[in-house]
């Protein structure tokens, strides 16, 4: 039962009881008035008309004051009862407010966890709990992302420092060409990671300038030799730069994380791009799209942001992204775009 219905029933019952009490009070007062007789008007010697007028006046005065007193008592009782009832009905709002205040200070792990009937307040509390859970998960993901990004950026810098320290301690063991080659590798890794982070930020936050994009041409241009292609003419509404990066990352991921079978198939039809490959068995598909996550058994190297960028681009284009692990190994990734107008 909803809060509105409960309040309606409670107030209706209260008013009914109040009205009944008032009627009982009036009835009791009327019974306390002494009985009187009505004498004929044509007997002036009895003063009947004047006696009747005096008796009726006294009765009306008593009834008036009794009703006023009853109204005051019933109104006061009604206000107190309404205050108590409203407090009990709206008590969950105090818990909701306290949890919201805690969340505003950064405490996102607390929940309202409201119990009771499935009414508007219960549904509101459950919705806020779900929102807090999502926010908490997002903040935790951002913290992990920041920590992983710092680690990825620090690793090549630490490697460069180690090379320089070793060369400084033993100059005779290093020539300029060897030292430069090792430093260039570490430097290139830093550049690749930084560019991937910038690409992820662009895909996540940059405003789209959508236009009709020939997705078939992009897929054909980004696909290397030896990859099976099954393409139909397809155009989608989106950003050509971001869509090219999405296709390039998916193709690179499929080619890089392969096995001796070396099979990669790309199909494009009905605004749906599907890329499958052979490779190691994937145990946790969803985590592949997390930044810096690397599945055990997959080829090492890279910056761990390729599929995270794919998800960000797909979300920016409101495309449906899904991935399925093949039973014999490898992955099948599907991106369903909206039809271009």
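In UniProt numbering, the protein residues as written are 1 to 341. Just so it is clear, CB atoms sit at the ideal spot from N, CA and C, and this is done for glycine as well.
- Spanning the alpha carbons of residue 320 and residue 271 requires a straight line of approximately 11 Å.
- Nearest neighbour of residue 249 by Cα position, chosen from 266, 283, 306, 218, turns out to be 306.
- Between residue 310 and residue 246, the CB-CB gap stays under 9 Å.
- When Cβ pairs closer than 8 Å are counted between the two stretches, the segment 271-286 is seen not to touch the segment 128-140, the count staying below three.
- Pairing residue 77 with residue 111, the inter-Cα distance amounts to about 37 Å.
- Ranked by Cα distance from residue 190, the options 87, 156, 215, 69 are led by 156.
- Residue 279 and residue 323 have their C-alpha atoms roughly 14 Å apart.
- Taken in chain order, the unbroken stretches of beta strand (DSSP E) that lie wholly in the segment 197-253 and span 3 residues or more are 211-214, 228-231, 235-238.
- The segment 198-205 and the segment 233-247 touch, with no fewer than 3 CB-CB distances between them shorter than 8 Å.
- Here residue 152 is buried, its C-beta having at least 16 other C-beta atoms within 10 Å.
- By the Cβ neighbour-count rule, residue 116 is exposed, with fewer than 16 other Cβ atoms within 10 Å of its own.
- Between the C-alpha atoms of residue 16 and residue 139 there is a straight-line separation of about 53 Å.
- Going by C-alpha positions, residue 210 is about 17 Å away from residue 335.
- The C-beta distance from residue 70 to residue 22 rounds to 5 Å, short enough to fall under 8 Å.
- Across the structure, residue 241 and residue 331 are spaced so that their CA atoms are roughly 25 Å apart.
- In the displayed model, residue 68 falls within a helix according to three-state DSSP.
- By the Cβ neighbour-count rule, residue 234 is buried, with 16 or more other Cβ atoms within 10 Å of its own.
- Between residue 25 and residue 82, the gap from beta carbon to beta carbon reaches 9 Å or more.
- Per DSSP, residue 128 lies in no beta strand (DSSP E) segment; the continuous alpha helix (DSSP H) that holds it begins and ends at 120-169.
- By the Cβ test, the segment 214-233 is in contact with the segment 248-268, since at least three Cβ pairs between them sit closer than 8 Å.
- Between residue 185 and residue 222 the beta-carbon gap is near 25 Å, outside 8 Å, which marks them as no contact.
- Note on geometry: alpha-carbon atoms of residue 195 and residue 333 lie some 24 Å from one another.
- The Cβ neighbour count for residue 101, taken over all protein chains shown within 10 Å, is under 16; the residue is labelled exposed.
- When the five nearest sequence neighbours on each side are left out, the beta carbons in the same chain lying within less than 7 Å of the beta carbon of residue 339 are those of 271, in order along the chain.
- CA-to-CA, the gap between residue 326 and residue 260 works out to about 16 Å.
- Residue 258 and residue 219 have their alpha carbons spaced roughly 19 Å apart.
- Around the beta carbon of residue 238, a 10 Å sphere encloses 16 or more other beta carbons of the protein chains shown; the residue is thus reported as buried.
- With a beta-carbon spacing of about 7 Å, residue 6 and residue 89 fall inside the 8 Å limit used to define contacts.
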